[in-house]
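S.K.:
2 protein chains.
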Amino acid sequence: MSNIIRFLACTLLVSGSARAAGSEGSAELLFSLFWVVLAATLCGALAGRLGIPAVVGQVGAGLLIGPGLLNLVQPGEVLRSLAELGAVFLLFMVGLETRFRDLLAVGKEALAVALLGIALPLGLGLAFGLWQNQGLLTALFLGTALVATSVGITAKVLQELGLLDARFAQIILGAAIIDDILGLTLLAVVGGLGAGEDVGPGKVALILGLSLGFVALVLTLGLPLIRRFESRLRGLSLARMFNVAVVVGLGVAALSTVAGLAPIIGAFLAGMVLAEVKDELEFESKVHALEAFLAPIFFVVVGLQVDLSVLGSAAVLVSGGVLTLLAVAGKLLGGVLGARSLGPGAWLVGVGMVPRGEVGLIVASLGLAAGIITGPVYAQVLLMVLLTTVLAPLVLRVLARRLPAA
Amino acid sequence: MSNIIRFLACTLLVSGSARAAGSEGSAELLFSLFWVVLAATLCGALAGRLGIPAVVGQVGAGLLIGPGLLNLVQPGEVLRSLAELGAVFLLFMVGLETRFRDLLAVGKEALAVALLGIALPLGLGLAFGLWQNQGLLTALFLGTALVATSVGITAKVLQELGLLDARFAQIILGAAIIDDILGLTLLAVVGGLGAGEDVGPGKVALILGLSLGFVALVLTLGLPLIRRFESRLRGLSLARMFNVAVVVGLGVAALSTVAGLAPIIGAFLAGMVLAEVKDELEFESKVHALEAFLAPIFFVVVGLQVDLSVLGSAAVLVSGGVLTLLAVAGKLLGGVLGARSLGPGAWLVGVGMVPRGEVGLIVASLGLAAGIITGPVYAQVLLMVLLTTVLAPLVLRVLARRLPAA
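Chains C and E supply the protein sequences, listed in that same order.
Those letters in the first sequence? Residues 1 to 406, by full-length UniProt numbering.
Those letters in the second sequence? Residues 1 to 406, by full-length UniProt numbering.
1. Taking the alpha helix (DSSP H) that C/N71 falls in, what are its first and last residues?
2. Indicate whether at least one CB of chain E lies closer than 8 Å to the CB of C/E282.
3. Using the beta-carbon of each residue, which ones in chain C are nearer than 8 Å to E/G251?
4. If you pair each beta-carbon of the region 206 to 226 of chain E with each one of the region 287 to 296 of chain E, do three or more pairs fall below 8 Å?
5. Can you grab the Cα-Cα spacing for the pair E/G235 / C/A292, in whole Å?
6. Determine the chain C residues that contact residue 430 of chain E at a beta-carbon separation under 8 Å, and present them in chain order.
7. Any C-beta of chain C sitting closer than 8 Å to the C-beta of E/A21?
8. Please identify, using Cβ separations under 7 Å, the residues of the region 273 to 303 of chain C that lie next to chain E, in order along the chain.
9. Could you pull out every residue in the same chain whose Cβ sits closer than 7 Å to the Cβ of C/L274, ignoring the five residues on either side in sequence?
10. Under 8 Å, Cβ to Cβ, is there at least one residue of chain C near E/L30?
11. Is the region 324 to 332 of chain C touching the region 77 to 88 of chain C, taking contact as three or more C-beta pairs under 8 Å?
12. Following the continuous alpha helix (DSSP H) through E/L115, name the residue where it begins and the one where it ends.
13. Give the straight-line distance between the Cα atoms of E/I65 and E/L33, rounded to the nearest whole angstrom.
14. With distances taken between CB atoms, is the gap from C/L233 to E/A254 smaller than 8 Å?
15. Check for me: the alpha helix (DSSP H) holding residue 416 of chain E runs from which residue to which?
16. Hey, E/V287 and E/L269: beta-carbon distance below 8 Å or not?
17. Between E/G155 and chain C, is any beta-carbon pair separated by less than 8 Å?
18. Put E/S150 into one of helix, strand or coil per three-state DSSP.
19. Ignore the nearest five residues each way along the sequence and tell me which others in E/L308's own chain have a CB closer than 7 Å to its CB.
20. Helix, strand or coil for E/E291? Go by DSSP, reduced to three states.
21. Hey, out of E/E28, E/A45, E/V55 and E/T220, whose CA is closest to C/N243's CA?
22. Would you tell me roughly how many angstroms separate the C-alpha atoms of residue 428 of chain E and E/V363, rounded to the nearest one?
23. Taking only beta-carbon atoms, is E/V215 less than 8 Å away from chain C?
24. Measure the C-alpha to C-alpha separation of C/E109 and C/G117 and round it to an integer number of angstroms.
25. Following the continuous alpha helix (DSSP H) through C/S341, name the residue where it begins and the one where it ends.
26. Would a check of beta-carbon distances place E/E84 closer than 8 Å to chain C?
27. Determine whether the Cβ of E/T324 lies closer than 8 Å to any Cβ atom of chain C.
28. Tell me which residue opens and which closes the alpha helix (DSSP H) that C/P263 is part of.
29. Can you list the residues of chain E that C/S26 reaches, using a CB-CB cut of under 8 Å?
30. Quick check on the burial criterion: 16 or more other C-beta atoms within 10 angstroms. Buried or exposed for C/V78?
31. Under DSSP, the alpha helix (DSSP H) around C/P355 begins and ends at which residues?
32. Indicate whether E/L193 and E/L137 have their beta-carbon atoms separated by less than 8 Å.
33. Using a beta-carbon distance below 8 Å, is C/N71 in contact with chain E?
34. What is the DSSP secondary structure of C/V306, reduced to helix, strand or coil?
35. Tell me, please, whether the region 378 to 398 of chain C touches the region 346 to 355 of chain C by the rule of three or more beta-carbon pairs shorter than 8 Å.
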């Protein structure tokens, strides 16, 4: 007891921040957020001057202030949650700028891009793992880490360039949804195999059915519902409509996790449903302000999570470099082949599918925690994530300016 | 290890939300946030229909969905952090609507209100504790819990009524800053005594000097600095200026915790400094959107933290009721006497100082954790917090509409 009191007294007298609710944690969070937003602002502005996408600057900002370099910020639970909210609001915003019928119009291409963009990286990663003399399960995990596109990175770059409504951008968005559904199913299967479970076709069908069913449900129920209540929504004040939009976005994002999907997919779907009435209702600018605060936190935290110190050895750099080449080749080929009807614009799709961002990190962390992959393999994935996340936006921007956006 | 894998597999296969970064936590947070924002929106709208302040509806929303009633949401670390960010952005916003010279003009009244509003509740709480046969230290803690005004509650009500720039509102804001400085010093002294430490006048002077020095520093350095960089700031885009504003707000809020102040005080000061250039730069609407999302979370979380189940016994209701009367009487008298130059408007100041909100909760929780106060005393404080937080805004609104705002 006296220790508690002494601890309390120390907190009170030394830091003096007793009233700041959970004192130390609160001060720490505010400082972390301060550094994150400051670094994002400065590096984002610098990126603008250099003519490169702001997201690249922001991921770089995370590397800079993270544990590997300046060590100003350690990504804790609250910061990670804010980052995830950032991704959710980013995709919600992207959904608000997307029309379902435009997405449907590129459905065939999106499906082809998604399927090829899963099969090729999975196969290449698996082969590379086996060639490295990893076990089958480890090699499968490595392949799985190559599968999932981080659509947030690409979407932000396209938004910055004002190209979100281009046909190739719609293909990327559509492919990202399918990619998420199939990629998650794959992760469930590989994870199940890792746990020595009996992952039969029944279970796979269940997981797949749940995800697909959820997407279908949101769209088939959401679109008529929003039209049905359109006149009522039109009667709401701007402030109230903003609240309703946030409630819908958060609600669908939360529900999508129950269906086995990433919350960003739910947020995107919710945004797309609300886009049907958006033109009549001016709440988008308020959602945009939220996104403008939270999304940079997401990009910086992606950088924060890449621990540069594990990339030190030459072996990691070489094999991580090869892994990166395979990761790029798989998605690029998938995009170019799947969207070949676009002509040269198919290259934009391919490059847009390349960034792995946070998703690759999560797969790698899960594999590491479960002992399925080792430290060096984890480091390879980290390097692959870093390079694809930073390089793809650079190439995408250059390419988008040169190619006619089909 | 096999347990980890089994756990992993369960997470993957059952909830399927593996890609949702820290999966379960992330889904839980999204659901919590969904309920919080939904309840805040519905109860806020209901409050509007009933003609009562939205904050009352939002605190009520927290009670409703909290552990005591529907048990839909448990306030975890992330939700508390978001709530605190809400308070920070709320006071930042209030600062943006405050001119330093207006605050300075009511300095004498604000000081009088703050000093009386600390001395009277402290004395009454102390006397009540001793009368209840509590030890001196417990009685002191009880008095300390009565001291601190929750300025966020009152500020929001005044903002809703469009009265933030009234003279009485400026007195409340000024008094709240002084209240915070002195209240924190008091808490440090009482906490130190509780730890059996030697709290001499030197230490008290140090704590007090640090807080006062910080406020003086921010104002004397901040105001000339902002004018010096005014033309540069004017050259920034809206998006960039929003970033700069957020960086400044978070930075000063974080630093204020180092000086022993609550972060909301730093945020308020930062807002007031930025207010000097606000008219030329339209970033306020973006800050407002952030505040519109986060501040309701703060009010709901205040309600969430009041565990209604501990208020069950008649003894707690009676002694908590008496404590509430003393809490109201102390601040009311302090306001009426301190701001008597306002005439009848002084009553507005008195009522505006009444809500204790989150601050009383923090003092009570610290006391409970350190074993200085017992469960029943904690429950009394909880009831006092609840009643002052809910009733003061109701009375303030009615009074503000009848009295000429001096």
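Ideal placement from N, C-alpha and C gives every residue a C-beta, glycine not left out.
Computed from a predicted structure; not experimentally measured.
M.R.: According to the structure shown:
1. The residue you call residue 71 of chain C lines up with position 71 of the first sequence. Boundaries cannot be given for C/N71, as no alpha helix (DSSP H) includes it and DSSP labels it neither H nor E.
2. For the purposes of this step, residue 282 of chain C is identified with residue 282 of the first sequence, where counting begins at 1. C/E282 is outside the set of residues whose beta carbon lies under 8 Å from a beta carbon in chain E.
3. On the second sequence, residue 251 of chain E is found 251 positions in, with the first residue counted as 1. Here the neighbours are F34 and L38.
4. Contact annotation: the region 206 to 226 of chain E does not touch the region 287 to 296 of chain E, with fewer than three C-beta pairs closer than 8 Å.
5. Indexing the second sequence from 1 puts residue 235 of chain E at position 235. Indexing the first sequence from 1 puts residue 292 of chain C at position 292. Computed Cα separation, rounded: 19 Å.
6. Here chain E has residues from 1 to 406 only, and residue 430 of chain E is not among them.
7. For the purposes of this step, residue 21 of chain E is identified with residue 21 of the second sequence, where counting begins at 1. The predicted position of E/A21 is uncertain, since its pLDDT is 34 and thus under 50; no value can be drawn from it.
8. K286, A289, L290, A292 and F293: these are the residues of the region 273 to 303 of chain C whose beta carbon lies less than 7 Å from some beta carbon of chain E, given in chain order.
9. Indexing the first sequence from 1 puts residue 274 of chain C at position 274. Result list for C/L274: L96, I226, A245 and V248, in chain order.
10. Taking the first residue of the second sequence as position 1, residue 30 of chain E is located at position 30. For E/L30, the answer is yes, since a Cβ of chain C falls inside 8 Å of its Cβ.
11. No, the region 324 to 332 of chain C is not in contact with the region 77 to 88 of chain C.
12. Along the second sequence, read from residue 1 onward, the residue named residue 115 of chain E stands at position 115. From DSSP, the alpha helix (DSSP H) with E/L115 extends over G107 to W131.
13. Taking the second sequence and counting its residues from 1, one reaches residue 65 of chain E at position 65. Taking the second sequence and counting its residues from 1, one reaches residue 33 of chain E at position 33. Between E/I65 and E/L33, the C-alpha separation is close to 11 Å.
14. Along the first sequence, one-based indexing puts residue 233 of chain C at 233. Along the second sequence, one-based indexing puts residue 254 of chain E at 254. It is not a contact, given that the beta carbons lie outside the stated cut-off.
15. Here chain E covers residues 1 to 406 and nothing more, so residue 416 of chain E does not appear.
16. Residue mapping note: residue 287 of chain E aligns to position 287 of the second sequence, counting from 1. Residue mapping note: residue 269 of chain E aligns to position 269 of the second sequence, counting from 1. The Cβ atoms of E/V287 and E/L269 lie no closer than 8 Å to each other.
17. In the second sequence, the residue the question calls residue 155 of chain E occupies position 155. In the sequence on display, residue 155 of chain E carries Ala and not Gly. Chain C contact via Cβ: absent.
18. In the second sequence, counting from the first residue as 1, residue 150 of chain E sits at position 150. Note: E/S150 maps to coil in three-state DSSP.
19. Reading the second sequence from its first residue, position 308 is the one you call residue 308 of chain E. Counting only Cβ-Cβ distances below 7 Å, and skipping sequence neighbours, we find L63, G68 and L69.
20. Translated into the one-based positions of the second sequence, residue 291 of chain E becomes position 291. The answer is helix: DSSP assigns E/E291 an H, G or I state.
21. Mapped onto the first sequence, residue 243 of chain C falls at position 243. Considering only alpha carbons, the answer is E/A45.
22. Absent from the structure is residue 428 of chain E, since the part of chain E shown begins at 1 and ends at 406.
23. Working through the second sequence from its first residue, we reach residue 215 of chain E at position 215. No, E/V215 lies away from the interface with chain C (no Cβ there is under 8 Å from its Cβ).
24. As a first step, residue 109 of chain C must be located in the first sequence, where it is residue number 109. As a first step, residue 117 of chain C must be located in the first sequence, where it is residue number 117. Going by the C-alpha atoms only, they are around 12 Å apart.
25. The residue you call residue 341 of chain C lines up with position 341 of the first sequence. Note, C/S341: premise wrong, no alpha helix (DSSP H); not H, not E.
26. As a working note, residue 84 of chain E is residue 84 in the second sequence. For E/E84, the closest Cβ of chain C is nearer than 8 Å.
27. What you label residue 324 of chain E is simply residue 324 of the second sequence in a count that begins at 1. Answer no: the Cβ-Cβ gap between E/T324 and chain C never drops below 8 Å.
28. Within the first sequence, numbered from 1, the residue matching residue 263 of chain C stands at position 263. It spans P263 to K278 - the alpha helix (DSSP H) in which C/P263 sits, taken as one unbroken run.
29. In the first sequence, counting from the first residue as 1, residue 26 of chain C sits at position 26. One finds S81, E84, T257 and P263 in chain E with Cβ atoms closer than 8 Å to the Cβ of C/S26, taken in chain order.
30. One-based indexing of the first sequence puts residue 78 of chain C at position 78. C/V78 counts as buried, since no fewer than 16 other beta carbons sit within 10 angstroms of its beta carbon.
31. What you label residue 355 of chain C is simply residue 355 of the first sequence in a count that begins at 1. Note, C/P355: premise wrong, no alpha helix (DSSP H); not H, not E.
32. In the second sequence, residue 193 of chain E corresponds to position 193, counting from 1. In the second sequence, residue 137 of chain E corresponds to position 137, counting from 1. It is a contact, given that the beta carbons lie within the stated cut-off.
33. Locating residue 71 of chain C in the first sequence gives position 71, counting from the first residue. Taking a beta-carbon distance threshold of 8 Å, C/N71 does not count as an interface residue toward chain E.
34. To locate residue 306 of chain C, count along the first sequence from 1; it is residue 306. Note: C/V306 maps to coil in three-state DSSP.
35. Yes, they touch.
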